[in-house]
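Have a look at the structure below before the remarks.
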Amino acid sequence: MRLLLVEDDDRVASALVAVLGRHGFQVRHARSGHEALDALVPDGSDPYRVVLLDLGLPDRDGFEVCSRIRAGSGVPVIMVTARADIRSRIHGLNLGADDYVVKPYDMGELLARIHAVARRGTPRSTEENGPEPSGPLASRGVEIDRERRRVSVEGRDVPLTRKEFDLLALLAQSPGVVYRREQIFSEVWRSGWEGNGRTLEVHIGSLRTKLGLPGLVEAVRGVGYRLIPDQPDSGPDQPDSGPDQTDSRIEQPDSGPGHDTTGPGHGSGSGAQDGTGSRDGAAGR
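Using the working numbering, read the sequence shown as starting at 3 and increasing by one per residue.
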C-alpha cells in the first residue's frame with residue numbers, strides 16, 4: 003500500500019517511515035505542503051491510498067493543504083498533529099479530513115486507523131480495483147474504476163465530483179438494493195442528514211445528467227435510492243414502495259447535508275515516545 007507522509011521534521015519522519023515500512027507500507031516523505039501537493043499530481047504510478055498530514059508545515063498550514071487536496075482528489079487524509087483542541091479537530095474534519103489523530107499516539111492505533119480509511123476509499127478485493135466492464139452495470143455500458151476513481155459510459159470518460167463518484171460507487175455495490183437516505187449520508191458524507199436541505203437530490207440529479215442515464219438511479223419515495231443495472235424493456239418499474247421515476251426535484255426532500263466534505267472524528271491514545279511521538283511511532287506539531 004502506497005502512503006504519503008507529510009511531515010517537516012526529518013527525525014520524526016524517519017522513525018515513522020521505518021515503522022510503517024516494517025508493516026508493509028511504501029512511504030513517500032514530503033517535507034512541505036508544496037511537495038505534498040506535487041506528489042499527488044497523477045503521473046501514471048499507483049495512487050496513494052492514504053495521506054498522513056501534519057499541520058505545522060514550513061510553507062503553508064496543513065489545513066490549507068488538506069483543503070487543496072480535497073479540491074482535486076478523494077484520497078483519504080488523516081491529520082496527525084499535536085493540536086489537540088476541539089476547534090482544530092472540528093475544522094480539520096469539516097475541511098475533508100477522514101480522521102484526526104493527536105500526538106503522541108499509539109502506533110497500533112494509527113495503523114488500525116490507516117487501514118480503516120483505506121478500506122473506505124477502496125474496494126475490498128483486488129478484482130474490483132480496475133474497471134468493471136463485466137459487472138452489474140455492463141448492460142448500461144458503465145465502467146467504474148474504483149482505484150483511479152474514474153467512470154466511463156460506452157467508453158466516454160465522465161468527470162464526476164468526489165461525492166458523485168462515492169455515491170455511484172456505493173449504490174453499485176448492491177444493485178437493486180434500496181439504500182436509505184441516512185445510510186447514504188453516513189457512508190458518503192460521513193455525517194447525519196437531519197435538516198440540511200436538498201444536497202442528496204442535487205447530487206442524484208447531477209449524476210443522472212452526467213451519465214446520460216436518467217433511469218439508472220431510482221428514487222424510492224420516503225425511503226432512499228437504488229441502482230437499476232438493467233435497461234428496462236418497457237418503461238421503469240413501479241414497485242410497491244412508490245419510487246419517484248421523474249426528476250429528483252419532484253420528490254419531497256427529507257434532507258441532506260449541505261457540505262461536500264466531512265469525515266468521521268476519532269479520539270486517539272497516547273503513550274511513551276520512542277522518537278516518533280507514539281509508543282513506537284511519531285511526534286511533532
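A virtual CB, placed ideally from N, CA and C, is assigned to each residue, including glycine.
Distance check between Lys105 and each of Arg62, Gly224 and Gly58 places Gly58 closest, using alpha-carbon atoms only.
For Tyr181, the closest C-alpha among the options Gly224, Leu209, Ser69 and Ile71 is that of Gly224.
With a cutoff of 8 Å on beta-carbon distance, Ala99 and Val67 are scored as not near each other. Between Leu22 and Leu5, the gap from beta carbon to beta carbon is short of 8 Å.
Between the alpha carbons of Gly46 and Arg150 lies a gap of roughly 10 Å. Ala221: member of the beta strand (DSSP E) spanning Val219 to Val222, first to last residue. Straight-line spacing of the CA atoms in Met81 and Leu209 works out to 30 Å. Between Arg33 and Asp10, the C-beta gap is smaller than 8 Å, which places the two residues in contact. In the DSSP assignment, the residues bridged to Ile146 are Val153. The beta carbon of Met3 sits closer than 6 Å to those of Phe27 and Arg51, all from its chain and outside the five residues before and after it, given in chain order.
Membership of Gly226 in any alpha helix (DSSP H) is not indicated; the residue belongs instead to the beta strand (DSSP E) covering Gly226 to Leu229. Around the C-beta of His25, fewer than 16 other C-beta atoms lie within 10 Å, and the residue is accordingly described as exposed. Taking C-beta atoms as the reference points, Leu229 and Leu173 count as a pair closer than 8 Å.
Ala17 counts as buried, since no fewer than 16 other beta carbons sit within 10 angstroms of its beta carbon. According to the DSSP assignment, Ala32 belongs to no alpha helix (DSSP H) but to the beta strand (DSSP E) extending over Gln28 to Ala32. Taking 8 Å as the upper bound for CB-CB distance, Pro177 and Pro216 are not in contact here, some 16 Å apart.
DSSP places Val67 in the helix class (H, G or I) of the three-state scheme. Val103: not part of any alpha helix (DSSP H); member of the beta strand (DSSP E) spanning Asp101 to Val104, first to last residue.
Straight-line measurement puts the Cα of His205 at about 18 Å from the Cα of Val155.
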